[in-house]
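Visitor:
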Amino acid sequence: MVFTNCSCSSEDPDGMLSNLKCGLSKSVKRPSFNIELKFQKPVTKFFVNMRIVLPRRLGEDFTLFNLSGIDGCSLLSNKNQIAFIQLGRKHMDQYSNIPKRCPWPKDVNYYIRGFRSDMATMPAFNFETGMNLWFEFVVNQHKLIRGFIQGKVQRRKNSKGVAGGD
-11 MVFTNCSCSS
-1 EDPDGMLSNL
9 KCGLSKSVKR
19 PSFNIELKFQ
29 KPVTKFFVNM
39 RIVLPRRLGE
49 DFTLFNLSGI
59 DGCSLLSNKN
69 QIAFIQLGRK
79 HMDQYSNIPK
89 RCPWPKDVNY
99 YIRGFRSDMA
109 TMPAFNFETG
119 MNLWFEFVVN
129 QHKLIRGFIQ
139 GKVQRRKNSK
149 GVAGGD
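Taking the working numbering, I'd label the letters of the sequence shown as residues -11 to 154.
Written as structure tokens, this is what we have:
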């Protein structure tokens, strides 16, 4: 997985956020994405919208999953999550300090830094495709954070010249 774009914006009429940054690392060979945020008020309840789409050259794009209006506090603490979400969360924990329960205290720098996907943790597959991920962090019915991450799943040759996943 190679990330090609990471951006975010905020709709914050209640002044919840004091910091929000999103972007890619400067590494040309294998960019990683970074997201940093800090709240001015504690976050006691939030909702998550997330959609991953695999674009196709011909025909309709393939929606891998589409989650809307998911209680974020339950999602963080639920051990019986959708397997794909569970894999992603477990992998993300290596790169972040995102809490596993609510509330999220104010004045703490939360981050995902240097995130690189480890395709070895995913179920076996053999394809190359683009990937678009949209996410929203909704607080008090406002899309406090909107984000977009774009990448591509591609095969790469390892040092012995045999194709392997990345």
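All residues carry an ideal CB built from backbone N, CA and C; glycine is no exception.
Any idea which residues DSSP pairs MET119 with across the strands?
Guide: GLY139
Visitor: I need the straight-line Cα distance from PHE95 to SER13, nearest angstrom please.
Guide: Checking the sequence shown, residue 95 turns out to be Asp, not Phe. Cα to Cα, ASP95 sits roughly 25 Å from SER13.
Visitor: When DSSP builds the beta bridges, which residues end up paired with TYR98?
Guide: LEU25
Visitor: Below 8 Å CB to CB, which residues in the same chain sit around ASN7 once its five sequence neighbours on both sides are set aside?
Guide: GLU24, LEU25, LYS26, ASN97
Visitor: Taking the alpha carbon of HIS130 as the point to measure from, which residue in SER20, PHE34, HIS79, SER(-5) has its own alpha carbon closest?
Guide: PHE34
Visitor: Quick check: the Cα distance between GLN82 and TYR99, rounded to an integer number of angstroms?
Guide: 11 Å
Visitor: Given this structure, state the Cα-to-Cα distance separating PRO111 from GLU(-1), to the nearest angstrom.
Guide: Because PRO111 carries a pLDDT of 49, less than 50, the predicted location of this residue cannot be relied on, and the following value inherits that uncertainty. Approximately 36 Å between the Cα atoms of the pair.
Visitor: Determine, using beta carbons only, whether PHE136 and TRP122 come nearer to each other than 8 Å.
Guide: yes
Visitor: For a test of the three-state rule: what should DSSP assign to ALA112, helix, strand or coil?
Guide: Only weak support exists for where ALA112 lies, its pLDDT of 48 falling under 50; the value from the coordinates is given anyway. In this structure, ALA112 counts as coil in the three-state DSSP scheme.
Visitor: Hey, would you say GLN28 sits closer than 8 Å to LEU64, going by beta carbons?
Guide: no
Visitor: By DSSP's criteria, MET4 is part of a beta bridge. Which residues make up the other side?
Guide: Its beta-bridge partners do not exist; DSSP assigns none.
Visitor: At which residue ranges does the stretch 39 to 94 contain complete beta strand (DSSP E) runs of 3 or more residues, listed in the order of the chain?
Guide: The stretch 39 to 94 contains these whole beta strand (DSSP E) runs: 50 to 59.
Visitor: For ASN22, tell me which candidate among VAL36, CYS10, ASP49, SER15 has the shortest Cα-Cα distance.
Guide: CYS10
Visitor: Would you give the residue range spanned by the beta strand (DSSP E) that THR32 belongs to?
Guide: No beta strand (DSSP E) contains THR32, which DSSP labels as neither H nor E.
Visitor: Checking 8 Å against the spacing of the C-beta atoms, do VAL188 and VAL126 come in under that value?
Guide: Here the chain covers residues -11 to 154 and nothing more, so residue 188 does not appear.
Visitor: Roughly how many angstroms lie between the CA atoms of MET47 and LEU55, to the nearest whole one?
Guide: Per the sequence shown, residue 47 should be read as Gly rather than Met. If you take the alpha carbons of GLY47 and LEU55, they lie about 23 Å apart.
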